[in-house]
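To start, the structure itself, in structure tokens.
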Amino acid sequence: MKVRHVLILLTIYFGVMSEESYSQEKLQYYDLTKGESYVINNKGTESPNTGKFVKYKGHGTYVCKKCGAALYYSSDKFESDCGWPSFDNEINGAVNRIPDADGFRTEIECANCGAHLGHVFTGERLTSKNIRHCVNSVSLDFVPAHLEAKRYGIAQFAGGCFWGVEYFLQKAPGVISVTSGYTGGVVKNPTYKEVCTGNTGHAEAVKIVYDPEKTSYEKLLKLFLEIHDPTQVGRQGPDIGDQYRSEIFFMNDEQKQIAEKSLSILKSKGLKIATAITKASEFYPAEAYHQDYYFNNGKVPYCHAYTKRF
Ligand SMILES: [Zn+2]
Numbered sequence: 091m092k093v094r095h096v097l098i099l100l101t102i103y104f105g106v107m108s109e110e111s112y113s114q115e116k117l118q119y120y121d122l123t124k125g126e127s128y129v130i131n132n133k134g135t136e137s138p139n140t141g142k143f144v145k146y147k148g149h150g151t152y153v154c155k156k157c158g159a160a161l162y163y164s165s166d167k168f169e170s171d172c173g174w175p176s177f178d179n180e181i182n183g184a185v186n187r188i189p190d191a192d193g194f195r196t197e198i199e200c201a202n203c204g205a206h207l208g209h210v211f212t213g214e215r216l217t218s219k220n221i222r223h224c225v226n227s228v229s230l231d232f233v234p235a236h237l238e239a240k241r242y243g244i245a246q247f248a249g250g251c252f253w254g255v256e257y258f259l260q261k262a263p264g265v266i267s268v269t270s271g272y273t274g275g276v277v278k279n280p281t282y283k284e285v286c287t288g289n290t291g292h293a294e295a296v297k298i299v300y301d302p303e304k305t306s307y308e309k310l311l312k313l314f315l316e317i318h319d320p321t322q323v324g325r326q327g328p329d330i331g332d333q334y335r336s337e338i339f340f341m342n343d344e345q346k347q348i349a350e351k352s353l354s355i356l357k358s359k360g361l362k363i364a365t366a367i368t369k370a371s372e373f374y375p376a377e378a379y380h381q382d383y384y385f386n387n388g389k390v391p392y393c394h395a396y397t398k399r400f
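Using our numbering, the first residue of the sequence shown is number 91, and each one after it goes up by one.
In structure tokens:
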């Protein structure tokens, strides 16, 4: 196991054990080797088919080698045969695009620390999203999914159109990021169009990454149950169809118990709860234009509003 990997694991374990609060602002830069610095600081390029992540298929999150910020989910990685790791989507806000000095390509860099990642290409028609982030392996490190869950809290909820659920949860204290996507169905890498047919089994959902030192799963879950109507069956407001159902996708037994307890409180108040509690399965981030929809378009949700229920 490489020294850097050990360092990341130690950071994760001690981050969990320590009383000190942990946030992305506190990330420190890791020491880089000469070869890493050539790519990351001097905008170099590693030789094709030499990087350790070109064919790598692990489940988890690719993070910046220099600062540790989360950049790409493994579910967005695809085989492009170009010789470098390829992704057709980035984690919301994690990657900056800047014109390359060569005058025609678009360079990508870590939004947190400016580390050079590679280039982004569009129009190649390699995936349905039609985007290829061509990233140097040495610019990346990898955090397996089972360890990632200890560093940050992760929650997944579905409560109607994901634009509205994302809007309210993104503003909650302690929330690091909210990604709109699809989960709970049977089709791999579904598109919005496919999910809208109601035939994929997926719900429009959000994946929330939060800082457990600043908020809790219970707080976010209760907020989720107050910003959509958990009594509606197979719809939410004007949006009708199974993809707009109310559902809590738990990541572990603790989350499951909190979900059951919260729903029983609402039932004891006389609400006929429709919200399902289901074990989380693969989450597929939605197309880029669905992310931060209301923030980017200067609008407010049409089907979600806050109602105090707890
Ligand atoms: Zn970085």
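Virtual Cβ for every residue (Gly too), placed ideally from N, Cα, C. Source: prediction; values computed, not measured.
By a beta-carbon distance limit of 8 angstroms, N220 does not contact G141. Their separation comes to about 23 angstroms. Neighbourhood of ligand 1, defined by CB distance below 6 angstroms to any of its heavy atoms: C154, K156, C157, A159, C200, N202, C203 and A205, in chain order. In the pairwise beta carbon analysis, the segment 267–286 is classified as not touching the segment 313–326: fewer than three pairs are separated by under 8 angstroms.
Around the CB of Q347, fewer than 16 other CB atoms lie within 10 Å, so the residue is classed as exposed.
Taking C-beta atoms as the reference points, V210 and C200 fail to come closer than 9 angstroms.
Judged by their CB atoms, L161 and I181 are nearer to each other than the 9 angstroms cut-off. In the three-state reduction of the DSSP assignment, A395 falls in the coil class, being assigned neither a helical nor a strand state. When only Cα atoms are considered, E169 and E316 end up about 41 angstroms apart. Judged by DSSP in its simplified three-state form, A235 adopts helix.
For Q260, there is no enclosing beta strand (DSSP E); the residue is part of the alpha helix (DSSP H) that begins and ends at F252 to Q260. Between the C-alpha atoms of C393 and E344 there is a straight-line separation of about 30 angstroms. Secondary structure at Y300: strand, using DSSP grouped into helix, strand and coil. Across the set A159, G148, C154 and T123, the C-alpha of A159 shows the shortest separation from the C-alpha of V299.
If only uninterrupted beta strand (DSSP E) runs of at least 3 residues are considered, those enclosed by the segment 148–204 are 150–154, 160–163, 185–189 and 196–200. Cβ-Cβ separation between R222 and L216: approximately 6 angstroms, consistent with a contact (criterion under 8 angstroms).
Contact between the segment 323–333 and the segment 382–393 is present: 3 or more CB-CB pairs across the two stretches fall below 8 angstroms.
Rounded to whole angstroms, the gap between the alpha carbons of I338 and D301 is 19 angstroms.
DSSP links K369 through a beta bridge to F340. Between M341 and A245, the C-beta gap is smaller than 9 angstroms, which places the two residues in contact.
Within 10 angstroms of the beta-carbon of Y379 lie fewer than 16 other beta-carbons, which makes it exposed. About 7 angstroms separates the beta carbon of F373 from that of A295, a gap short enough to meet the 8 angstroms contact definition. Annotation: V323 is outside any beta strand (DSSP E) and is labelled neither H nor E by DSSP.
In the three-state reduction of the DSSP assignment, F211 falls in the strand class.
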